[in-house]
Every structure is written in C-alpha cells, then in structure tokens.
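Take a look at the structure below.
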Amino acid sequence: MRAKIVVEGVRKSYRTENGPLEVVGGIDLSVGDGEFVAIVGPSGCGKTTLLSIMAGLDRADQGHVTIDGKIHNGPSPKGILISQRGSVFPWLTVQQNLMFGLNGEHSHNQAVADHYAALVGLKGFERGYAHELSGGMLKRVELARALAVKPEILYMDEPLSALDALTSLRMRVELRRILAEERHTCLLITHDVEEAIHMADRVIVLSARPATIQAAFDVPFTHPRDLSHPALVTLKASILREFGL
Amino acid sequence: MLKRFLLPLAVVAMLLAVWWIAVEYTKSVIFPTPLQVVRATIQLVQDGTLWDHIGASLFRVAAGFLLAVVVGVPLGLLMGWVEGAFATFNPIVQMLRPISPIAWIPIAILWFGVGDVSPIFLIFLASLFPLIVQTTVGVHTIDREYLRAAENFGVSRYKLFRQVVIPAVLPQVIVGMRVSLGVAWLVVVAAEMIALRSGLGYLIIDSRNAGNRYDLVVAAMVIIGLTGLLLDGFMRGLERLKSVQWRYAR
Numbered sequence: 550m551r552a553k554i555v556v557e558g559v560r561k562s563y564r565t566e567n568g569p570l571e572v573v574g575g576i577d578l579s580v581g582d583g584e585f586v587a588i589v590g591p592s593g594c595g596k597t598t599l600l601s602i603m604a605g606l607d608r609a610d611q612g613h614v615t616i617d618g619k620i621h622n623g624p625s626p627k628g629i630l631i632s633q634r635g636s637v638f639p640w641l642t643v644q645q646n647l648m649f650g651l652n653g654e655h656s657h658n659q660a661v662a663d664h665y666a667a668l669v670g671l672k673g674f675e676r677g678y679a680h681e682l683s684g685g686m687l688k689r690v691e692l693a694r695a696l697a698v699k700p701e702i703l704y705m706d707e708p709l710s711a712l713d714a715l716t717s718l719r720m721r722v723e724l725r726r727i728l729a730e731e732r733h734t735c736l737l738i739t740h741d742v743e744e745a746i747h748m749a750d751r752v753i754v755l756s757a758r759p760a761t762i763q764a765a766f767d768v769p770f771t772h773p774r775d776l777s778h779p780a781l782v783t784l785k786a787s788i789l790r791e792f793g794l
Numbered sequence: 004m005l006k007r008f009l010l011p012l013a014v015v016a017m018l019l020a021v022w023w024i025a026v027e028y029t030k031s032v033i034f035p036t037p038l039q040v041v042r043a044t045i046q047l048v049q050d051g052t053l054w055d056h057i058g059a060s061l062f063r064v065a066a067g068f069l070l071a072v073v074v075g076v077p078l079g080l081l082m083g084w085v086e087g088a089f090a091t092f093n094p095i096v097q098m099l100r101p102i103s104p105i106a107w108i109p110i111a112i113l114w115f116g117v118g119d120v121s122p123i124f125l126i127f128l129a130s131l132f133p134l135i136v137q138t139t140v141g142v143h144t145i146d147r148e149y150l151r152a153a154e155n156f157g158v159s160r161y162k163l164f165r166q167v168v169i170p171a172v173l174p175q176v177i178v179g180m181r182v183s184l185g186v187a188w189l190v191v192v193a194a195e196m197i198a199l200r201s202g203l204g205y206l207i208i209d210s211r212n213a214g215n216r217y218d219l220v221v222a223a224m225v226i227i228g229l230t231g232l233l234l235d236g237f238m239r240g241l242e243r244l245k246s247v248q249w250r251y252a253r
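Protein chains in written order, with the numbering used here: chain A, 550 to 794; chain B, 4 to 253.
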C-alpha cells in the first residue's frame, strides 16, 4: 500500500507557567492510502494535538508531516478535521452548512448538499438549524459537511464520544457503510478501544504524555465485524493490556 | 397570560393608584392627577401637535442611530478582527465613551447651530460607542472552533466574512443596537430641551415655561416611556430571527 501520510519525528511542547510541557514526544507514523487508522491513548496524552498537526491546523516544533510525498504545513480541504467539540455553524441551516466548503454553482452545490444529507440520514432536516437538532444529528451534519468536499483524508477527533451508546454504535455502522462507498484515508482518535477495533484497519496505542507510539495492532478482519468474535475479543484484551488493564 | 400581561399591568395600576392618592391627599394644585394627564394627552392628540412632536423626535433618533450603525459596526468589526486596528482605535474610543453626550451640547450648538443637526449629532455620539464595543467583543468571542473549521475548508476571505464572522457577531450587534437605541432615545429628549421648536423634549420644557402646565409635562414623559417600550420591542423582534437564536438562551 502506498503511503498517503508520513509523520516523521514530530514533537510539540506548549509553554505553561511551570515551563514547557511536552505533549507530543517524537512520533513516526505512516498511513497508507485508503487505510483506516485508529489512535487510542490515555486522556490528555496529546492525541488531539497530534491530529491537529497532521491536519495542518497546528505546527510541530520538530519533525514534519508529508502528504503524498509533499511537506504539509497548513490546512487544506484535502483533509478535513472533524473536531471533538463540533463546529457546525449554528447560524446556517443544515443545507447551508453542507454547502459551506463547496465552490461550484449554487444549484449544483445544493444537489451535492442534499445528496450527502441523504447519505447520513438527514433527509427532511435540510432547513433545520443546529439548535433544533439532537447531538447525534449534529455529528451527522459535521460528517456530511466534511464528506461533501470529497476530502482525501478524514481526521476524526472522538467524533462519537459525546453520543449515547446506541447512537454511537449506529453511527459506526453508518460510517463504515459510507466509507465502503467513498474511499477515504481515515484517522480516528478515540478512547473507546471497542470502537477502534470495530472500525479501523490498524490501531495505534499512544503512551501517556508526552505521546509516543507504545504499540500497534493490525485488525485484519472484513466488515461488517462481529465484536463478539473470539479473535476480536482477544485483540481487545491485548490492547487493554497496553493500558495496564 | 398571567405573567405576560396581568402582572405588569397590575404594577402599573398600583403606581397609578399611589400617584392619584398622593395628589389628592396633598391637595397639590400644580402636580396633575392621572386623569388630568389623560385629558392633556387627548388635548395634544386633538390639536395634532402630539404626532408632530413624536415624529420630530423619532426622525432625529432614526437619523443619528442609523448613522451610528453605519459607522460603528464596520469599525467594531475592524477593531475586532485586526489587532493593529484595536491597538490604534481602542484608547480613543475608551476615552470618548465615558463623556456624556450632554457634555457635547455646547459644542454641538457651536458647530451645528440649533437645527436638526445638533440633536442628530448627539444621538450619533451616544449610539456609536455601545455599538463599537459590542461589535468588537462579538468578534473577539467568536468560538475558535468555527474559525478553524472555516480555515480547514479553505474558503475565500469574502466567504469567511460573509458566512462566518458577520453571522457569528450578529447576535452581539443586535444587543449593541438595543443598548444604543435606548441611549439614543434618552439623549434626544435631553438634546431637545435646549433649543428646538419641536420634539418631546421641547414639549416638556415649553409646557413648564408656558404657565406650569405640569399635566402636559407628565403626559410627554409618559409618551416618551411608551415610545421607548415600543422601540425596544421592535429591536427585540430582531432577536427572534432564526439565524441569531443560537446565541440567546431564550
């Protein structure tokens, strides 16, 4: 598999009152084209910072990120970040949100927006505003807005963590269905090991801050996956062991 | 129903009762009873001057206020968005802001005479600063998450402003407009007391000077209050726009 994203020696510190705080402590990672990589790690370990750097929304102090062999040091619609807190514009309707990143003609954009709204199950809510939607629906808007610009890479920062267990599970299944249709390279940050095993081709375990790669696990199973399958249960146990559990 | 209409009306009725009893009890010959105020108002309506006075005051407020919106909102956006603009203009804004528009009256008369321009200038000054401050605060408090998302999608500067910055600030601008319009209405009356031949402020001073017509004075005060209530109601209507509701809790 051709490498899509290569992370080399990335380090990042933040200045605090008590001196510099190293958050990312030297990460080397290669993500293949079309690969789905999940990154798990203890909370506050620097996962979000790493993802922001990869998406070009934050700068590394040392090292660099290359995408398709070119140094990447700014954000671009080639890779869209779905942030943890969500950034659906509350002053725009669902449809206007989905059209936000599109540059074509208005009627064409509308058609694209409606297509992706239907894809994530938001048909009938195109004219709704964020405060009229549930948390699960907001995540769908966020996902559809990202998909609408046909990004090559999706960076997802705990996109499902704020949802209830049932909605989260439903979203996982839908996300896999969508990914089967539109081949994106995906990076998923999560604290949910089960979610990682359910979705990803590879699971990277990060250490406590400053984040380094502690272990990596391949998940060589076809979709849809049955989480109660003995091999997946064993895999989950080995990953949890990395956390000392 | 009870909360929206009956309780506020009950408060007004109680104040009226206290007022009436107090006037009767003290046997005041100058201070009017509510009934006398109503008669005075009817008299103003019948001779047609009431609408002229209200119209004159509203015109001055509208002119000064709109001028302030045209100047204040873009300036606030600039100060909020460009750090250098904030550093440049904020000190002078903060210095001019606490000076009461009333203090400007002598200068206004000197510069603009006693026509319509003086009160419009004073209203402009009074409305300008709350608008600048609220708009600037609005830009400074835009959630970074939204700006990052916009940056990620790589949209043009024009689109960033039109679809992110301005709508994100709009709720704060509307708050600024509500404050401004209230201050503008406050100032028009004060400004008209000085020199002009029309307006509600003029009506008050003229009624007092022309034979202690305190019934007319109080009538004008009540009308000022009611008009202020209507203006605020109109501005609150803007808060019900669907694209700004996200910012208001209710």
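Backbone N, C-alpha and C define an ideal beta-carbon position, used for all residues, glycine too.
Start-to-end residues for the alpha helix (DSSP H) that takes in residue i
i	result
B:V220	Y217 to L241
A:V589	Careful: A:V589 lies outside any alpha helix (DSSP H), inside the beta strand (DSSP E) at F585 to V589.
A:T739	First-last for A:T739: T734 to T739, but that is the beta strand (DSSP E), not the alpha helix (DSSP H).
A:L696	G684 to A697
A:Q659	H655 to L668
A:R751	First-last for A:R751: R751 to L755, but that is the beta strand (DSSP E), not the alpha helix (DSSP H).
A:L781	P779 to E791
B:F115	I108 to F115
A:H621	Neither: A:H621 is in no alpha helix (DSSP H) and is coded neither H nor E.
A:V643	V643 to M648
A:I523	Absent from the structure is residue 523 of chain A, since the part of chain A shown begins at 550 and ends at 794.
A:E681	A:E681 -> no alpha helix (DSSP H), and no H or E assigned at all.
A:V742	V742 to M748
Opening and closing residue of the beta strand (DSSP E) in which residue i lies
i	result
A:Q611	Q611 to I616
A:F766	I762 to D767
A:I631	G628 to I631
A:I880	The displayed coordinates of chain A run from 550 to 794. Any statement about residue 880 of chain A would go beyond what the structure contains.
Nonlocal neighbours in the same chain, by C-beta distance under 7 Å from residue i, ignoring five residues either side
i	result
B:S201	D55, H56 and A59
B:P183	Position check: residue 183 of chain B holds Ser in this sequence, whereas Pro was assumed. The residues are F68, A71, S130, P133 and L134.
A:K785	V742, E743 and I746
B:V225	V40
B:V76	L134, T138 and V176
A:L570	S562 and Y563
A:P759	E571, V572, V573, G574 and G595
B:A255	Residue 255 of chain B lies beyond the range of chain B shown here (4 to 253); nothing can be said about it.
A:L671	V643, M686, R689, V690 and A693
A:I620	H613
A:R774	H747 and L781
A:I576	V556, V559, L599, A760, T761 and I762
B:W107	L125 and L128
Own chain residues within Cβ distance below 6 Å of residue i, not counting five before or after
i	result
B:P219	Looking at the sequence provided, one finds Leu at residue 219 of chain B rather than Pro. Cβ within range, chain order: A43 and S210.
A:S510	There is simply no residue 510 of chain A to check, as chain A begins at 550 and stops at 794 in what is shown.
A:V669	R689, L692 and A693
A:P591	A757
B:L254	The requested residue 254 of chain B is not part of the displayed model; chain B covers only 4 to 253.
Residue of the options minimising C-alpha distance to residue i
i	options	result
B:L244	A:W640, A:A552, A:A609 and A:L776	A:W640
B:P104	B:E148, B:A187 and B:V167	B:A187
A:L709	A:A660, A:R634, A:E675 and A:A679	A:R634
A:I746	A:S625, A:I588 and A:T565	A:I588
B:V64	B:S121, B:G236 and B:M224	B:S121
B:V136	B:I95, B:L53 and B:L18	B:I95
B:D119	B:L173, B:V191, B:E27 and B:D235	B:V191
B:R216	B:L81, B:L47, B:E86 and B:T29	B:L47
B:L229	B:E242, B:W249, B:L61 and B:A25	B:L61
A:A764	A:H772, A:R689 and A:L755	A:L755
B:A25	B:V14, B:G83 and B:P37	B:P37
A:H680	B:L241, B:F115, B:W249 and B:G231	B:W249
A:G684	A:T716, A:I702, A:D577 and A:K627	A:T716
A:S632	B:I169, B:P170 and B:E148	B:E148
A:E791	A:I702, A:I753, A:L776 and A:V768	A:I753
B:V85	B:V74, B:V117, B:S31 and B:H143	B:H143
A:F841	A:A714, A:H657, A:F770 and A:L647	No answer is possible for residue 841 of chain A: the residues shown for chain A start at 550 and end at 794.
Spatial neighbours of residue i in its chain, beta-carbon cut-off 8 Å, leaving aside the 5 residues before and after
i	result
A:L606	P624 and L630
Residue i: CB within 7 Å of a non-hydrogen atom of the ligand SAM
i	result
A:G673	Only the bare structure without any ligand can be found here, which leaves the ligand SAM out of the picture.
Looking at C-beta atoms only, is the number of pairs between the stretch 576 to 586 of chain A and the stretch 729 to 739 of chain A that lie closer than 8 Å three or more? Using a C-beta cut-off of 8 Å, the stretch 576 to 586 of chain A makes contact with the stretch 729 to 739 of chain A, since at least three inter-stretch Cβ pairs fall below that distance.
Report the residue ranges of all beta strand (DSSP E) runs contained in full by the stretch 24 to 99 of chain B; include only those spanning at least 3 residues, in chain order. You should have found no qualifying run.
Can you give, in chain order, each stretch of the beta strand (DSSP E) that sits fully within the stretch 139 to 216 of chain B and has at least 3 residues? Entirely contained in the stretch 139 to 216 of chain B, not one beta strand (DSSP E) run reaches 3 residues.
Looking at C-beta atoms only, is the number of pairs between the stretch 610 to 630 of chain A and the stretch 551 to 558 of chain A that lie closer than 8 Å three or more? Judged by Cβ distances under 8 Å, the stretch 610 to 630 of chain A makes contact with the stretch 551 to 558 of chain A, as three or more pairs qualify.
Using 8 Å as the threshold, is the stretch 720 to 727 of chain A in touch with the stretch 640 to 655 of chain A, meaning 3 or more CB pairs across them? Flag = no, the stretch 720 to 727 of chain A and the stretch 640 to 655 of chain A do not touch.
Using a Cβ distance threshold of 8 Å, determine whether the stretch 692 to 709 of chain A contacts the stretch 737 to 757 of chain A, with at least three qualifying pairs required. Yes: at least three Cβ pairs fall under 8 Å.
Could you say if the stretch 227 to 237 of chain B and the stretch 172 to 179 of chain B meet the contact criterion of at least three C-beta pairs nearer than 8 Å? By the Cβ criterion, the stretch 227 to 237 of chain B is not in contact with the stretch 172 to 179 of chain B, since fewer than three pairs of Cβ atoms, one from each stretch, lie closer than 8 Å.
Can you list, in chain order, the stretches of the beta strand (DSSP E) that have 3 or more residues and sit fully within the stretch 553 to 599 of chain A? Complete beta strand (DSSP E) runs here, min 3: 568 to 581 and 585 to 589.
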